[in-house]
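Just below is one structure, and these are the notes that go with it.
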Amino acid sequence: MTILENETSNTPKKSKSSGKRTDPTYKQVGAYVKKDTYLQIQKLLLDKPDKDFSDLVQELLSDYLINQLSD
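Under this note's numbering, think of the first position of the sequence shown as 2, with each following residue one higher.
Structure follows, in structure tokens:
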């Protein structure tokens, strides 16, 4: 084992979404999205470090729910 390998193996890994993973108000779900759409969204989100894909999905689903319930 090299010094570099030893240093990186002891470095704690930081996860951007670990807060949501352990938050009981969140539920992990899956959906099929067209590749092209997903890639374009990922590019747009690169310019918004305070917003990730799950934030966007939550916002869109909340807006949809509000619109459906108000009709």
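Ideal Cβ positions, reconstructed from N, Cα and C, are used throughout, including at glycine.
Keep in mind the model is a prediction, meaning the values are calculated, not measured.
*Return helix, strand or coil for Q69, following the three-state DSSP convention.*
helix
_Quick check: the Cα distance between K49 and S63, rounded to an integer number of angstroms?_
20 Å
_With H, G and I counted as helix, E and B as strand and the rest as coil, what does DSSP make of G20?_
helix
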